[in-house]
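Take a look at the structure below.
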Amino acid sequence: MLRAILLLLCLLPCGALRAAAPPLMLASTWQDGPDVSQYLVSEKLDGVRARWDGRVLWTRAGHRIHAPAWFTDGWPSQPLDGELWLARGQFDATSALIRAAIDDDARWRALHFMVFDLPASAEGFEARHARLRTLINGSANPYLRLIEQRRLADTEALHRHLRSIVQTGGEGLMLHHQDNRYSPGRSAGLFKLKLYQDAEARVIGHVPGKGKYAGKVGALLVQTEQGARFRIGSGLTDALRDSPPPLGVQVTYRYNGLTVHGLPRFPRFVRVRHEP
Numbered sequence: 063m064l065r066a067i068l069l070l071l072c073l074l075p076c077g078a079l080r081a082a083a084p085p086l087m088l089a090s091t092w093q094d095g096p097d098v099s100q101y102l103v104s105e106k107l108d109g110v111r112a113r114w115d116g117r118v119l120w121t122r123a124g125h126r127i128h129a130p131a132w133f134t135d136g137w138p139s140q141p142l143d144g145e146l147w148l149a150r151g152q153f154d155a156t157s158a159l160i161r162a163a164i165d166d167d168a169r170w171r172a173l174h175f176m177v178f179d180l181p182a183s184a185e186g187f188e189a190r191h192a193r194l195r196t197l198i199n200g201s202a203n204p205y206l207r208l209i210e211q212r213r214l215a216d217t218e219a220l221h222r223h224l225r226s227i228v229q230t231g232g233e234g235l236m237l238h239h240q241d242n243r244y245s246p247g248r249s250a251g252l253f254k255l256k257l258y259q260d261a262e263a264r265v266i267g268h269v270p271g272k273g274k275y276a277g278k279v280g281a282l283l284v285q286t287e288q289g290a291r292f293r294i295g296s297g298l299t300d301a302l303r304d305s306p307p308p309l310g311v312q313v314t315y316r317y318n319g320l321t322v323h324g325l326p327r328f329p330r331f332v333r334v335r336h337e338p
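Residue numbers (the working numbering): 63 to 338.
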């Protein structure tokens, strides 16, 4: 009987052994108006979102992250929500490290799990953050760190802080209402704020180039999760025009936050989204 079960497992496709995606809370886009002093504000890190379930790490898509044992030694038994992060502007390197089949201890020692939430707690965010501080300070593991939160007086102070973060290479800010409870899906109490908006879409076609781009790709035809279709031509390097992202892959694009008929204005290609 045992042999039959093992044989069945071997015949299953690898994807079937993937765990269900962890139920993560997602941020909405900040619009000025609410009382900023009621929010805790932190830097938005461009890392790989991950969930610690008390024993192992998982990506947002439900893939197990095979971190070295020393990396998670002494971590709390409570679930943690955070980002695996190398440094500002190092998303691609972080993603590649996590997806690599070969352990690279030297690179893992440059990585940190930057924790920002305690998903199993029913408390408001301010109380969860205080509890997180106690948990992480008690772990004595240098690879586990708490994302610092701060209070800002008003909208003017918020945008001044945003500019200072961006000028030093940061991506943006996260705002979390002090009383917001953790709930999976898009939250009305968690927001992201950036000078420019980043979003994701899937490549569904390659538009032939004209003029100096004749014989190359002139633009990517993409489709958002909501079904909107548009072209991205700006931001493509010559190498990408020669060998464009294949159909079906997710790409990140950037725009100025404005839309026309539901489509982003002046979308600019940023990168292929190689997130695990």
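All C-beta atoms in this analysis are idealised placements derived from N, C-alpha and C, irrespective of residue type, glycine included.
Do Val-177 and Leu-214 have their CB atoms nearer than 8 Å? Taking the sequence shown and counting its residues from 1, one reaches residue 177 at position 115. Taking the sequence shown and counting its residues from 1, one reaches residue 214 at position 152. Taking 8 Å as the Cβ cut-off, Val-177 and Leu-214 do not qualify as a contacting pair.
Ser-157: first and last residue of the uninterrupted alpha helix (DSSP H) it sits in: Within the sequence shown, numbered from 1, the residue matching residue 157 stands at position 95. Unbroken alpha helix (DSSP H) run through Ser-157: 153-161.
8 Å CB neighbourhood of Ile-127 in its chain, flanking five on each side removed: Against the sequence shown, residue 127 aligns to sequence position 65. Around Ile-127: Ala-112, Val-118, Leu-119, Trp-120, Thr-121, Leu-146, Ile-160 and Pro-338.
Which residues in the same chain have their Cβ closer than 7 Å to the Cβ of His-239, if we skip the five residues on either side of it in sequence? Translated into the one-based positions of the sequence shown, residue 239 becomes position 177. So the qualifying residues of the chain are Gln-100, Tyr-101, Phe-187 and Gly-251.
Please determine, among Tyr-317, Leu-298, Gly-267 and Thr-134, the residue with the shortest C-alpha to C-alpha distance to Pro-308. For the purposes of this step, residue 308 is taken as the residue at position 246 of the sequence shown. Taking only the C-alpha atoms, the option nearest Pro-308 is Gly-267.
Give the DSSP-derived three-state secondary structure of Leu-206 in the structure shown. Counting from one through the sequence shown, the residue named residue 206 turns up at place 144. Of the three classes helix, strand and coil, the one that applies to Leu-206 here is strand, per DSSP.
By Cβ distance, which residues of its chain are closer than 6 Å to Phe-253, with the 5 residues on each side in sequence left out? The sequence position of residue 253 within the sequence shown is 191, counting from 1. Closer than 6 Å at Cβ, skipping near neighbours: Ala-89, Ser-90, Trp-92 and Leu-237.
Judging by CA-CA distance, which residue of Arg-212, Pro-141 and Ala-129 is the nearest neighbour of Leu-180? Residue 180 sits at position 118 when you count from the first residue of the sequence shown. Looking at the Cα atoms, Pro-141 is the closest of the given residues.
Please report the straight-line C-alpha distance between Ile-198 and Leu-148, rounded to a whole angstrom. Here residue 198 refers to the residue found at position 136 when the sequence shown is read from its first residue. Here residue 148 refers to the residue found at position 86 when the sequence shown is read from its first residue. Those two C-alpha atoms are separated by around 19 Å.
Less than 8 Å between the CB atoms is what I'm expecting for Trp-137 and Trp-114, so what's the real figure, rounded? In the sequence shown, counting from the first residue as 1, residue 137 sits at position 75. In the sequence shown, counting from the first residue as 1, residue 114 sits at position 52. Trp-137 to Trp-114, Cβ: 6 Å. Contact.
Quick check on the DSSP output: the alpha helix (DSSP H) that includes Trp-132 runs from which residue to which? On the sequence shown, position 70 is the one that residue 132 refers to. Looking at the DSSP string, the run of the alpha helix (DSSP H) that includes Trp-132 is 131-134.
For the putative contact between Pro-204 and Ala-261, defined by C-beta atoms under 8 Å, what is the C-beta separation to the nearest angstrom? Walking along the sequence shown from the start, residue 204 turns up at place 142. Walking along the sequence shown from the start, residue 261 turns up at place 199. Contact flag wrong, Cβ pair sits at about 34 Å.
Take Pro-84 as the anchor and find which of Val-110, Pro-246, Phe-153 and Glu-210 has the nearest alpha-carbon. As a working mapping, residue 84 is identified with position 22 in the sequence shown. Looking at the Cα atoms, Pro-246 is the closest of the given residues.
Own chain partners of Phe-153 with C-beta closer than 8 Å, once the 5 adjacent residues on each side are dropped: Residue mapping note: residue 153 aligns to position 91 of the sequence shown, counting from 1. Within the same chain, Phe-153 has close Cβ partners Asp-108, Gly-109, Val-110 and Arg-333.
Opposing strand residues paired with Ser-90 [DSSP bridges]: Against the sequence shown, residue 90 aligns to sequence position 28. Its beta-bridge partners are Phe-253.
Rounding to the nearest angstrom, what Cα-Cα distance links Gly-310 and Arg-264 in this structure? Numbered from 1 along the sequence shown, position 248 holds the residue referred to as residue 310. Numbered from 1 along the sequence shown, position 202 holds the residue referred to as residue 264. One C-alpha to the other measures close to 6 Å.
Would you identify the three-state DSSP class for Phe-331, choosing helix, strand or coil? By 1-based counting over the sequence shown, the position of residue 331 is 269. Strand, per DSSP.
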